[in-house]
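Q:
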Amino acid sequence: MNAAEFFQQCFGACPLVAIIRGVTPDKVEAVGDALFSAGIRIIEVPLNSPDPLDSIARLAARFEGRALIGAGTVLEPAQVDQVWRAGGRLIVSPCTHVPVIEASVAATMISIPGYFTPSEAFTALRAGAHALKLFPAEAASPAVVKAQRAALPPDVPLIVVGGVSPENMQPWLEAGANGFGLGSGLYKPGQSPESVGERAEAYIRGLKP
């Protein structure tokens, strides 16, 4: 199974990306276990977390073949290789930076860049992005997604990130979003694995009409 197929499998099982910003290596496996037990299959460790490559390596080893693990807040192409060497196979960025997208694709990794406008979306797709991250969603609306969906390829996953709660997911889905990236509403540093698992379960329930 190649990376794109594995992403489709994981995203199809649960269209949520856990963004565990601030997690530390000594806590990451317990947090990962809680997320996996709840049903989440895609986990991103932002690179502005403490020792992020160590955390990615631990998660990649623990969930090999079972969950897609990678990095967020990837801003430079050199970071793509660092994540690859740690075992990560997912690259998420807050922006549409073509060199990062191209480096990810060249390394056979999944590329999910941030975008906000149709121009950025199509720039990302031409560079080889596998999915699009609408960010920051607090500054957009389901109406924006509906309008963009009319032009975007229907098979490209559109992932909403920013301000997502279990209570506000349905309007985004109805507008054409395919999934969500979950940050501080799911995980904050110091939060217990039990609490993280409970939040993950609440978000999964929020996917259902």
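According to our numbering, the sequence shown is numbered sequentially starting from 4.
For each residue, glycine too, the CB sits at the ideal point set by N, CA and C.
Pairing CB atoms from the segment 205-212 with CB atoms from the segment 24-31, are three or more of them under 8 angstroms?
A: no
Q: Flag this pair as yes or no: are the beta carbons of residue 142 and residue 166 separated by less than 7 angstroms?
A: no
Q: Hey, quick one: how far does the alpha helix (DSSP H) through residue 128 stretch, first residue to last?
A: 121-130
Q: If distances are taken between C-alpha atoms only, which option among 174, 18, 171 and 136 comes closest to residue 75?
A: 136
Q: Since I believe residue 33 is in contact with residue 3 (beta carbons under 8 angstroms), could you give me their beta-carbon distance rounded to a whole number of angstroms?
A: The shown model of the chain, from 4 to 212, leaves out residue 3, and the question about it has no answer.
Q: Ignoring anything shorter than 3 residues, give me the beta strand (DSSP E) runs that lie fully in the segment 18-43, in order along the chain.
A: Correct list: 19-22.
Q: Given that a residue counts as buried once 16 or more other Cβ atoms are within 10 Å of its Cβ, and exposed if not, what is residue 69?
A: exposed
Q: Over the uninterrupted alpha helix (DSSP H) stretch that includes residue 2, give me the two end residues.
A: The requested residue 2 is not part of the displayed model; the chain covers only 4 to 212.
Q: Which residue from 112, 104 and 109 puts its Cα closest to that of residue 125?
A: With distances taken between Cα atoms, residue 125 lies closest to 104.
Q: State buried or exposed for residue 47, treating a residue as buried only when at least 16 other CB atoms are found within 10 Å of its CB.
A: buried
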